[in-house]
DNA sequence: TTTTGGTTGTTAATTTTTTCACGTTGTGCA
DNA sequence: TGCACAACGTGAAAAAATTAACAACCAAAA
């Protein structure tokens, strides 16, 4: 590697993704420049933090005119996106799976959900939210044919571990896991678990703490 | 307040929630004791971190026998849970809303989704996943009658801000927001945004970084 | 009984992340 | 032009989170 890019923290990556969405939003509204304090608001952070995040990406703004929206979008994209659109598969076409498909439908992003999988034969062969649903048995084949290396796992928790194993065997590189369980995989596949129960419990906890702070 | 409980970090709260789920799981399997390194695995952390988290809660284990599963569950519950079950409302009965309802159905937790709301009259009056669906117009009334102080917001992004305002007016204390946008509320309502696009982008980014580390 | 091996509780050290502070710079106005 | 203002860039400081280290402890085996 010619240029040693220093590691960027997970937190910064999260914020960059959020900055970018907001930037696209205001770009669509015709804004061409933005200040750090405006970006700070959308991540509930500080202007200094935004400037620091953008510094890591190598963006540079301009005193008293702020940052150029278009450049920011491009530069954040250079960091976050692959050169080609990333092909993603949804595994598990239950309620949640369909909701996820719907959620990402029609969005223009640097990734694309190109296929869905389910073990229920009734669901296979159909088109769901614009994506063909295949049987789990065809997973490996479809993954290779479509160069899919990221999967969204939305199967019942009892099956999650087993299906994850299948995904790893199919050569997946990353899994976004909606099942409320820790997945142990042998290979060094990147697994990110999105734990809705935990998120709700956390929300409730801090709302109560908020209250205590006011009352106590 | 007699005992000044020191503030517990968000990260620790997240892990505690995950520990607890795992503890309930192994308790159901008949395990009565657990080691810190076992808990570490389910959060992809270290044993030291687990011990530290548990110390904050005031749990104490026993050398060479580890922690008692039942005590841990109770002590984490004492911290995380309210005295009564927390009543939660779902707002927005689209694909995602229904999926969320389904996701939490039949789970025995310290919270309970007791009502759903939608602005589409066709959906109102019906029972969806075991919960009655009301019209948005009845929100304030139902919130007060059922002492609902937490809402899950699953409406289209265009409506999120407006609906959030309604929720705040209805006296909600916390919102778990699925809409990919920052909500600005006047009051000090606790808002936690669960941003699926960001989570997926993050997953893709780190899977690629993973790859680079191996290849580079 | 004594030793051995493995775990907890906790303090200290380290690392990471965030915030502060301030020199620099571009803009607009008088 | 010169001044005031507001924003950026960034090193330093502070705060927060994680990891390391180790004494104390327990259980089981020798």
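Chains as they are written, first to last, in the working numbering: chain A, 1 to 216; chain B, 217 to 432.
The beta-carbon is built from N, C-alpha and C at its ideal position, and this holds for glycine as well.
- The way I'd put it, the segment 94–111 of chain A doesn't touch the segment 162–169 of chain A; fewer than three beta-carbon pairs between them come closer than 8 Å.
- The beta carbon of residue 98 of chain A falls within 7 Å of a beta carbon belonging to chain B, placing the residue at that interface.
- Residue 308 of chain B is a Cβ neighbour of residue 371 of chain B, given a cutoff of 7 Å.
- For residue 402 of chain B, there is no enclosing beta strand (DSSP E), since its DSSP letter is neither H nor E.
- For residue 88 of chain A, the secondary structure class from DSSP, reduced to helix, strand or coil, is strand.
- A contact between stretches requires three or more CB pairs, one per stretch, nearer than 8 Å, and the segment 389–400 of chain B fails this requirement with the segment 137–155 of chain A.
- By alpha-carbon distance to residue 346 of chain B, the top candidate from B/359, B/306, B/377 and B/357 is B/306.
- Taking a contact as a CB-CB distance under 8 Å, the pair residue 326 of chain B and residue 293 of chain B counts as one, their CB atoms being some 7 Å apart.
- Residue 173 of chain A belongs to the set of residues whose beta carbon lies under 7 Å from a beta carbon in chain B.
- Contact annotation for residue 42 of chain A against chain B: 398 [CB-CB distance below 7 Å, chain order].
- Of all alpha-carbon atoms in B/241, B/389 and B/266, the one lying nearest the alpha-carbon of residue 286 of chain B is that of B/241.
- Neighbours of residue 421 of chain B across chain A, judged by C-beta separation under 7 Å: 13 and 80.
- Pairing residue 14 of chain A with residue 414 of chain B, the inter-Cα distance amounts to about 6 Å.
- Inclusion of residue 302 of chain B and residue 175 of chain A in the CB contact set at 7 Å is not warranted, their separation being larger than that value.
- Cβ proximity to chain A below 8 Å picks out 400, 404, 405, 406, 408, 410, 411, 412, 413, 414, 415, 416 and 417 from the segment 399–417 of chain B.
- Straight across, the Cα-Cα distance linking residue 410 of chain B with residue 381 of chain B is about 18 Å.
- The contact set of residue 86 of chain A on chain B, defined by CB atoms closer than 7 Å, consists of 420 in chain order.
- In this structure, residue 23 of chain A places its C-beta atom within 7 Å of the C-beta atom of residue 72 of chain A.
- Residue 143 of chain A is outside the set of residues whose beta carbon lies under 7 Å from a beta carbon in chain B.
- The beta carbon of residue 35 of chain A sits closer than 6 Å to the beta carbons of 66 from its chain, once the five residues preceding and following it are set aside; these are given in chain order.
- By the rule that beta-carbons nearer than 7 Å mark a contact, residue 102 of chain A touches chain B.
- In this structure, DSSP gives residue 394 of chain B a state outside helix and strand, which the three-state scheme calls coil.
- Excluding sequence positions up to five before and after residue 376 of chain B, its CB lies within less than 8 Å of the CB of 369, 393, 395, 397 and 399, all in the same chain and listed in chain order.
- With respect to chain A, the C-beta atom of residue 366 of chain B has a partner C-beta closer than 7 Å.
- Take the alpha-carbon of residue 41 of chain A and the one of residue 29 of chain A: they are about 18 Å apart.
- With contacts defined by Cβ atoms closer than 7 Å, residue 50 of chain A and residue 39 of chain A form a contacting pair.
- Interface residue (Cβ-Cβ distance to chain A less than 7 Å): residue 327 of chain B is classified as such.
- DSSP, read as helix, strand or coil, puts residue 195 of chain A in coil.
- DSSP, reduced to helix, strand and coil, places residue 81 of chain A outside both helices and strands of the structure shown, so it counts as coil.
- At least one CB of chain B lies nearer than 7 Å to the CB of residue 176 of chain A.
- Within the segment 234–256 of chain B, the residues whose Cβ lies closer than 9 Å to some Cβ of chain A are 234, 236, 237, 238 and 241, listed in chain order.
- Residues of chain B with a Cβ closer than 9 Å to the Cβ of residue 210 of chain A are, in chain order, 389, 390, 404, 405 and 406.
- Annotated as proximal: residue 389 of chain B and residue 207 of chain A, with beta-carbon spacing under 7 Å.
- Burial state of residue 277 of chain B is buried, judged by a 10 Å Cβ sphere holding 16 or more other Cβ atoms.
- Annotation: the continuous alpha helix (DSSP H) that includes residue 228 of chain B extends over 226–244.
- The Cβ atoms of residue 329 of chain B and residue 358 of chain B do not sit closer than 7 Å to each other.
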